[in-house]
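Counting in this note's numbering, the sequence shown runs from 486 upward without gaps. The structure appears below as structure tokens.
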Amino acid sequence: MRRYLGLWAELFLLSLRRRPLLTAAALAVIVGNVVAMAVCAPALRATVDAMVAGEAPGAVTAAAVAAVAYAAYLVLQDVSGLLRSTVVDRIGRLDLHPKVYRDIAGLDGIEHLERSDFLDRVALVRASPGRIVAGLWNAIMAVANAAKLVVTLLLLGTVSPWLLPLLLFAAAPVWCDHRGQRVVRRVELETAEDLRLEQHLADLAVGAASGKEIRVAGAGPELVRRQAEAWQRATGRRVRAHAVAATWRFAGWLVFVTGFIGGLALVAYRTAQGEGTVGDLVLAVTVAATLRQTVQSTVTSTTETAGAARLLDSFLWLRDYAATQRAIASGTIEPPPTLRTGIVLESVSHTYPGTDRPALRDISATLPAGAVVAIVGEYGSGKTTLVKLLTKLYRQDSGRILVDCIDLNDLSTHGWRARTSAAFQDFGRFHTTFAETVGLGDLPHLTDRTRIERAVREADAQDLVAALPDGLDTRLGTELGGVDLSEGQWQRTALARASMRDNPLLFVLDEPTASLDAPSEQAIFERYMARARTLSRATGAVTVIVSHRFSTVTGADLILVLHRGRLVESGTHDELMALGGRYADLYTIQATAYAKETTL
């Protein structure tokens, strides 16, 4: 609860700072509504007592006060809802949520994007924009409604002190509803993964990218069946959780109604015995009649506050996670202008979160400055994992990575990324213009046509640009009315994007030609081997090429052979072939298979 109060205080100060007049007006209207409610019932009692006593002027004055107070109560209640919704929308959607997304996007690595617990909480926060700020105003309304409830009970207490225990009966629905909401919060978090699975299967069933394969395989009905199962699992548990919460709510109201009936019976008895005025009776009946609504408003606002708590839990967890990751990735040293010795891996190991089997085990190797280093091995051998560590997308569990004798963890992540270029096998498909898609590889030069055209030539994508209806200005992606590209064309675009920076210290090509035909693949590798030599002379850059096709890396200065997360061989192509080990066997198998294909 202390963390919730701290966050609500922070959000309230944010509201005052960003929307001061609107926030102050919303708060003033809430206070005015409570005051109007507190004035109305005593004014009614004074009206009746004055009428009974034959004091017409006093009765008229009291009646006027009661009328004004009641009108103000109704009007301010409506205005309060409008102002609160406006504050919630502007602070939540325009201020808080963009900040949340910026914090997430600003995390250095990608480990969080592969963690289900992180994604579950992001899904909860994203699904309810504005509800985090709404939780603050729900809490304020809960306090205001509680104040109304206290005023109501105090007014009843002026009739008889025996009515004060109604406060305990009125608290029962609040406590019971809180118990029920705890069940709902827990189940919603536990079922978030099923809902994400349901959304993923729905996207697969209707998405263009997977549409061909699904229809040819006839997998559509099975996907729909699994989607329905995931939906039913999640909604079934959530419905049962809400049923439990409703049972708790019913029990709380049952307790309150029992006390309510008892209180009314006591007031009726005292009036019949002549122990109170007619005004007391009117006040008691009026306040008792509104007590149910007051309690219901208190319970509703408390329930909504508790409902927002599950978002606050997720929000606070995400913020804590982001803060922890920023603290870990606290390197401040800028990378050297050029590499002189290279990159050294010392006993590097890494295991992905949620798995027991290490992806890399005790890797030690030296990547000399200016060298072209190939990393080869079967699928799942740890090639891409090693690249993620080199680019600071992940932090190794043990061991060190040294860049010119400086620990990579001590280097500024922003600075190291600014001196890194990479094309990954799971490349992005950005639905912008072709020029912007390429320019994203080096944001300071996003609109530099000269550099973009050079990058296009580096990726051998001139023919692709020439075939586009508007050349570099062609919008990509059919969803936004643009042109769709083939898998190979998207890969060429990614390669061009990776060629934007002209002074990297690390140049990574992770399966850069998996979607290209053999002649195109060979041409691309020849171009990038030449680019690697140019970078070597300029900055001493290390070029890392990841490939499962051994024939494309024969010209590398150093070849690292991975198998089941271990470095089993290293050397030049000639040295490894002479060794007659794993590399030689796999190279021979691939060469033989390719020779058979070319003779058919």
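Glycine is no exception: its CB is placed at the ideal position from the N, C-alpha and C atoms. Predicted, not measured: the structure shown is a model, and the values here were computed from it.
Buried or exposed for residue i, please, with buried defined as at least 16 other CB atoms from any protein chain shown within 10 angstroms of its CB.
| i | result |
| --- | --- |
| R986 | buried |
| K584 | exposed |
| F735 | exposed |
| V709 | exposed |
| N623 | buried |
| C661 | buried |
| T932 | exposed |
| Q778 | exposed |
| D927 | buried |
| L739 | exposed |
| L498 | exposed |
| T905 | buried |
Check residue i in the structure and name its three-state DSSP category.
| i | result |
| --- | --- |
| L561 | helix |
| G1056 | strand |
| H1048 | strand |
| F909 | coil |
| D481 | Absent from the model: residue 481. The displayed extent of the chain is 486 to 1085, so no value can be given. |
| L970 | coil |
| P821 | coil |
| R846 | strand |
| P658 | helix |
| T809 | helix |
| L994 | strand |
| I515 | helix |
| P505 | helix |
| P853 | strand |
| I595 | coil |
| L651 | helix |
| L875 | helix |
| L682 | helix |
| P542 | helix |
| L579 | helix |
| P929 | helix |
| T836 | coil |
| E760 | coil |
| A946 | coil |
Opposite residue i in the DSSP bridges: which residues?
| i | result |
| --- | --- |
| E831 | R885 |
| T918 | R960 |
| A619 | BP columns for A619 are empty, so no partner. |
| A859 | I1030, I1044 |
| I891 | V888 |
| L896 | I818 |
By how many angstroms is the C-alpha of residue j removed from the C-alpha of residue i?
| i | j | result |
| --- | --- | --- |
| V553 | A687 | 56 Å |
| L634 | Q717 | 41 Å |
| G764 | W493 | 42 Å |
| Q781 | V524 | 20 Å |
| E678 | R804 | 20 Å |
| A1041 | S695 | 36 Å |
| L1061 | Y1068 | 6 Å |
| M1014 | A850 | 21 Å |
| Q881 | L874 | 7 Å |
| V1098 | N630 | Because the chain here runs from 486 to 1085, residue 1098 falls outside it and cannot be looked at. |
| G973 | R487 | 54 Å |
| A619 | G577 | 8 Å |
| T771 | L640 | 11 Å |
| H727 | A793 | 15 Å |
| T922 | T978 | 7 Å |
| G615 | Q684 | 22 Å |
| I1030 | L991 | 11 Å |
| A888 | P821 | Residue identity differs from the one stated: residue 888 is Val in this sequence, not Ala. Taking the straight line joining both Cα atoms gives about 9 Å. |
| G862 | V1046 | 6 Å |
| G491 | E599 | 30 Å |
| T935 | G867 | 37 Å |
| R723 | E673 | 7 Å |
| N518 | H663 | 26 Å |
| Y1077 | L1071 | A small correction: the amino acid at residue 1077 is Thr; Tyr does not occupy that position in the sequence shown. Cα to Cα, the separation comes out at about 10 Å. |
| Q910 | D995 | 6 Å |
Query raised in the report: Does the region 1003-1022 come close enough to the region 1050-1066 that 3 or more CB-CB pairs lie under 8 Å?
Result: no
Query - At least three beta-carbon pairs within less than 8 Å, the region 627-647 to the region 736-756 - result: yes
Query raised in the report: Does the region 1004-1013 touch the region 819-833, meaning 3 or more C-beta pairs lie closer than 8 Å?
Result: no
**Report entry** the region 519-539 in contact with the region 553-566 per 3-pair CB rule at 8 Å
**Finding:** Enough Cβ pairs lie closer than 8 Å, so yes.
Requested in this report: Determine, using beta-carbon pairs with one atom in the region 887-899 and one in the region 806-816, whether at least three such pairs fall under 8 Å.
Outcome: In this structure the region 887-899 lies against the region 806-816, because at least three pairs of beta carbons, one per stretch, are closer than 8 Å.
Requested in this report: For the region 561-575 and the region 488-508, state whether three or more C-beta atom pairs, one from each stretch, are separated by less than 8 Å.
Outcome: Taking 8 Å as the limit for Cβ pairs, the verdict is that the region 488-508 does touch the region 561-575.
Query raised in the report: Does the region 914-922 touch the region 961-980, meaning 3 or more C-beta pairs lie closer than 8 Å?
Result: yes
Query raised in the report: Pairing CB atoms from the region 1023-1034 with CB atoms from the region 932-951, are three or more of them under 8 Å?
Result: no
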